[in-house]
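Okay, so here's the structure we're looking at.
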Amino acid sequence: MKNIRSNLFSANRFKAFLRHFSLNIGFLFLLPALFFTGFVNGQTIKVDVDHPQAKIQPTMWGLFFEDINFAADGGLYAELIKNRSFEFPNPKTGWEFPGQNFFNSSILFVNRGAENENVRFARMKLDGTSSPQMVNTGFRGIGLKEREQYRFSVWASVATDSEMQLKIEVLDSNDQPLGVAIVEPEGTDWQKYEAVLTAGKTEAKGKLRITFEGKGSIDFDVVSLFPVNTWKNRENGLRADLVQLLADMKPGFFRFPGGCIVEGRDLEKRYQWKQTIGNIEDRKLNINRWNDENTRLTPDYFQSYGLGFYEYFLLCEDIGAEPIPVVNCGMACQFNTAEVVPLEDLDPYIQDALDLIEFANGPADSKWGKIRADMGHPEPFGMEYIGIGNEQWGMQYFERYELFENAILERSPEMKIISTTGPMASGPFFDVAERELKKYHAALVDEHYYNRPEWFLQNANRYDDYNRDTYKIFVGEYAAASKQMASPENKNTWECALAEAAFMTGLERNADVVTMASYAPLLAHVDAWQWTPDLIWFDNLKSYGTPSYYVQKMYSTSKGTVVLPVSDMGEPLTGQDGLYASASMDEESGEIFVKVVNTAPSEKNISLDLNSKSKFSETAKIEKIGTTDLEALNTIENPVNVTPKQENLPFSGKKLEVTLQANTFYVIKLKIN
Ligand code: AHR
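Take any residue in the sequence shown, note its place counting from 1, add 3, and you have its number in the numbering used here.
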């Protein structure tokens, strides 16, 4: 990479040099001296404030969520108990039974048959002589914070003539109790029992222990433990620190639930949104498709759907993001089974899409709108977009897409449909998609690319000459990879983030055609990931944004409403001398955001030349992120190693001189007075 780039830099440097200076013999004598002193600087970057171009959509920078890397169960969804309903293929997964062996075990799992939504529950029999225990080890441990409260709950039915109590304890990794509560279930009717525990110490690898004391028999199910302090203190809520990181980005949209998870390895295991709503105890468990995908096997990875479509819409509302749901199009993952539904049997799949629109937007007395209202949200969620399929390719996709499009637009003509272009941003599948899509009415098409940093640097001009006749572009998944995708060596280095920052100048410059973009994937548990790189990493207690997170955040928090032309000698800056640039303005507030990325390994002096009749405030606010250590990372131990720094520069007139540090991304903020 470094070799390719330094060649690129020197070629560009020379071209820029020729553009800047008329070559004469006298000057040639100066040439070696100039290079020797590193003086190839002094570039003038023109920002044409008075000639705004395309509108930037409020949706421009957003989030892509997929339940991969423990992103939902074990991550954003704050439930701390794994296999809470004993519905994993082995009901004992996640549970330990200290002191019990096969011969004296008093625990059984009653299987009511697959036709029941809730197939299994647990039964504990007590003979009065011993106090059996069961321990849940959480999602690679249970995170507990000193003095924080945890809400335990369980559904139970106690046999007649039984007398018993449940001692509930949170433990540290050495099984020492950190908090205790007692629950006393009674009566044969199934009821929910609750207790709140306070943790006496912080522990990343905690456990939950239940000790059954007394005599008789108890049936129980949905054993749950949540921090009381969830996002907005909601029960069945989300992890507050993770949502905060998302909210801080002020995302324009939130794509959900994926990713390949939409497709399923086979059709039976596809994501079905109707299984993710209603009471959590009735939501049907699904195997997570990342359970045995890739080399990092995760056999305990399932989808409880506790974070389902209702919680998703609520989250979008909370953080002000436009919901972008994606539905299965009657095709399973083509990399895996390539199963398809025959065209004549596609109706139930299409109906699912129509019903989702009604669930989100229908009146509270419509069939699906009523379910939403009963869950607590009578007002519609105002969903405007729907994605059909994830990374499908070939004619088999377009045959199905057409049927979805016809049905959706007939019922909801206002809906903006998103089609896919397959898993790659070029090549035969992509070409077929480009050709076929001209026949339909997709408002946006979804492009995905995971590539090396140099690809991102070289493709910052990808959209400059793009087809603008038919649809808009949703860059639904992208990330720069330092090494082989999904491998442990593939890290969220500063080099990757810097290349993404440079590439994003091209997205912003072309905001007339690219109206949405999201980095992917979003979240990863440090002990349970399947994919690298990822935007935000977390363990059971802490979370941090990668350098890529801060780049995304700098763009989305300085979005603006219109693109401003930026040029160097009349050309957009797409890597000349290692510089990339774009600019936007918020027409309402008069704020101007100039993004400049210096990918070169040396400092540069630039002069920002503002073409405008307006006057500007006397301070330029600078937000910058960078380091010459291209391998630099953020980690759980050092989460702020590469983070943005702020400074102010005095400014008067229409020219701003800035010294750009090497390998650094700048957002220069100016304001029209
Ligand atoms: O982001 C990880 C995976 O990459 C997504 O599930 C899929 O859409 C893409 O191939």
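For every residue, glycine included, the Cβ atom is placed at its ideal position computed from N, Cα and C.
- For the segment 592 to 626, the full-length beta strand (DSSP E) segments reaching 3 residues or more read 594 to 601, 607 to 614 along the chain.
- Taken in chain order, the whole beta strand (DSSP E) runs of length 3 or more contained in the segment 243 to 282 are 256 to 259.
- In this structure, DSSP gives K556 a helical state, which the three-state scheme calls helix.
- In this structure, the ligand AHR has no non-hydrogen atom nearer than 7 Å to the beta-carbon of C332.
- In the three-state scheme derived from DSSP, where H, G and I count as helix and E and B as strand, W458 is classed as helix.
- With fewer than 16 other beta carbons inside 10 angstroms of its own, R414 counts as exposed.
- Under the DSSP assignment, E216 falls in the beta strand (DSSP E) whose first and last residues are 206 to 230.
- When secondary structure is reduced to three states using DSSP, E660 falls in the strand class.
- Linking L317 to P188 through their CA atoms gives a straight-line distance of about 33 Å.
- When the beta-carbon positions are compared, A81 and F229 come within less than 8 Å of each other.
- For Q399, the enclosing alpha helix (DSSP H) covers residues 398 to 414.
- W234 sits in a helix when the DSSP states are folded into three classes.
- With the rule of 3 Cβ pairs closer than 8 Å, the segment 195 to 211 counts as touching the segment 130 to 147.
- Distances from the alpha-carbon of K272 to those of N294, G385, N282, K562 put N294 closest.
- Taken in chain order, the complete beta strand (DSSP E) segments of 3 or more residues contained in the segment 135 to 189 are 136 to 139, 145 to 147, 152 to 161, 166 to 174, 180 to 186.
- Counted as a single uninterrupted DSSP element, the beta strand (DSSP E) harbouring N651 occupies residues 648 to 653.
- Cβ neighbours of Y552 within its own chain (closer than 7 Å, five residues either side excluded): L538, I539.
- Rounded to the nearest whole angstrom, the CA to CA distance from Y558 to V265 is 28 Å.
- Taking 7 Å as the cut-off, one finds no heavy atom of the ligand AHR near enough to the beta carbon of A367.
- In this structure the segment 612 to 619 does not touch the segment 575 to 586; the number of beta carbon pairs closer than 8 Å is below three.
- Ranked by how close their Cα comes to the Cα of P326, the residues G261, C332, G267, T298 have G261 in first place.
- Comparing alpha-carbon positions, the option among V330, N239, V599 lying closest to Q664 turns out to be V599.
- According to the DSSP assignment, N291 belongs to no beta strand (DSSP E), since it is labelled neither H nor E.
- Per DSSP, the beta bridge partners of I675 are F619.
- It is roughly 39 Å from the alpha-carbon of Y153 to the alpha-carbon of K562.
- The three-state secondary structure of E325, taken from DSSP, is strand.
- Note on geometry: alpha-carbon atoms of Y274 and H54 lie some 46 Å from one another.
- In terms of side-chain proximity, the C-beta atom of W532 is found no nearer than 7 Å to any non-hydrogen atom of the ligand AHR.
- Secondary structure of T423 (DSSP, three-state): strand.
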